[in-house]
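**Student:** Mind having a look at this structure? Questions to follow.
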Amino acid sequence: MGIPNTPNYNENMNQMPNYNQQTARNDVNFMSPAPTSSEDERYRKQLIVNYLAADVTSAELHGLFSRFGPLDGARIIYDRQTSLPRGFGFVYFRHPESAKKAIESMNGYQFHNKRLKVSYSTNPLNIISSSSLSGNQASAIQ
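Below, the structure is given as structure tokens:
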């Protein structure tokens, strides 16, 4: 006996969209193109990293991406009220070529049992310049 006025889950299975593992892989492998609307090179140097595990630190994120080139910083975003990680972060490269290599290599990469989605960030509020951070301070930002 189910809850009154609610559809039976088994009856509606044929109506639900087919979201299988291939669909999930396609979602993760979608690479956003490099921003072209702005002449500002910063847009091609800042990446957003989605689907981060809760135990990933900014220092780990920095170490993971620093192999592609020098970074101006890396940070995990935390919820202001709970202080828990929100599951995404930003990586700031010094050179656009390094950011492009990082997207090509790290998008879909499995890290801490989660498959990362890495793409260009287009949120200007999160863009920082190399003059505002030094390498050591950048990896400590949380």
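In UniProt numbering, the protein residues as written are 1 to 142. Virtual Cβ for every residue (Gly too), placed ideally from N, Cα, C.
Would you check if the distance between the CB atom of residue 101 and the CB atom of residue 68 is smaller than 7 Å?
**Tutor:** Their beta carbons are under 7 Å apart, which means residue 101 touches residue 68 by this criterion.
**Student:** To the nearest angstrom, how far is the alpha carbon of residue 138 from that of residue 75?
**Tutor:** Confidence at residue 138 is low in this model, with a pLDDT of 39, below 50, so its placement is unreliable and the value that follows should be read with caution. Residue 138 and residue 75: Cα-Cα distance of roughly 8 Å.
**Student:** So, for residue 114: in the same chain, excluding its five sequence neighbours on each side, which residues have a beta-carbon less than 6 Å away from its beta-carbon?
**Tutor:** Counting only Cβ-Cβ distances below 6 Å, and skipping sequence neighbours, we find 51 and 53.
**Student:** Going by C-alpha distance, which of 40, 63, 119 and 84 is nearest residue 99?
**Tutor:** Closest by alpha carbon: 119.
**Student:** Put residue 51 into one of helix, strand or coil per three-state DSSP.
**Tutor:** Residue 51 falls in the coil class under three-state DSSP.
**Student:** Quick check: does the Cβ of residue 99 come within less than 6 Å of any heavy atom belonging to the ligand MG?
**Tutor:** Inclusion of the ligand MG in the displayed structure is not the case, the ligand content being empty and no account of it being possible.
**Student:** The beta strand (DSSP E) that contains residue 65, what's its start and end?
**Tutor:** Looking at the DSSP string, residue 65 is not in any beta strand (DSSP E); the run it does join, the alpha helix (DSSP H), is 58–65.
**Student:** What residue range is occupied by the uninterrupted beta strand (DSSP E) comprising residue 117?
**Tutor:** From DSSP, the beta strand (DSSP E) with residue 117 extends over 117–120.
**Student:** Ends of the alpha helix (DSSP H) at residue 96?
**Tutor:** First-last of the alpha helix (DSSP H) with residue 96: 96–106.
**Student:** Are there 16 or more other CB atoms within 10 angstroms of the CB of residue 83, so buried, or fewer, so exposed?
**Tutor:** Looking at its Cβ environment, which holds fewer than 16 other Cβ atoms inside 10 Å, residue 83 is exposed.
**Student:** On the three-state DSSP scale, how would you describe residue 43?
**Tutor:** DSSP places residue 43 in helix when its eight states are reduced to three.
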